[in-house]
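Step one of this worksheet: look at the structure below.
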Amino acid sequence: MNRKKQAQTELSYYGLYLLNHLRENRFPQASDADFIRERADHAAEVYEQARRDDLFADAAQELAMSALLKGLRFSKYSILYDVVDSEFPLEVAVEDQEAFVKNLLPLVDNVYSIYDLTDDDFAQSPDYDQLYTELTGAVALFIESNGIQ
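Structure below.
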């Protein structure tokens, strides 16, 4: 078994969940095995402590998942993907969206610099709306200047 597959099979439920979340949303920590293991271990500890404190399994699981994903709810990739998917469905075909977003992300990276994406309540803030608007404008300008590449 290759080393990568072996590392994946050794991960706990929380580790596998986190790894999948990080990969799907293109977080840079997706390749950081120590980060994933530490975060997963912490989530398991939160769950165990909550159960010892007589919380029901569902409530303990909710606390553990909150600890697991703290600061990792919003990625640059996922927000840009949402913008492209929602605002430019006629310009960027569904099958081309992933590649388009992946290529565009480095070009709009500076737009994110003033926003705190680690805030788990970011989507409910006025800053999210402002970021969404800025990204929509950046995508529109890119398409106008370069077309869909």
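Residues 1 to 149 in full-length UniProt numbering are what the sequence shown lists, from first letter to last.
By construction, the Cβ of each residue, glycine as well, lies at the ideal position given by its N, Cα and C atoms.
- Collapsing the DSSP output to three states places E38 in a helix.
- Take A57, set aside five residues on each side of it, and the residues of its chain with a beta-carbon closer than 8 Å to its own are R51, in chain order.
- For the pair Y112 and K76, the Cα-to-Cα distance works out to about 7 Å.
- Under the criterion of beta carbons closer than 8 Å, A64 and A43 qualify as touching, at roughly 4 Å.
- Assigned with DSSP and collapsed to three states, F74 falls in coil, not helix or strand.
- Counting other Cβ atoms within 10 Å of its Cβ, G15 reaches 16 or more and is therefore classed as buried.
- The DSSP-derived three-state label of E91 is coil.
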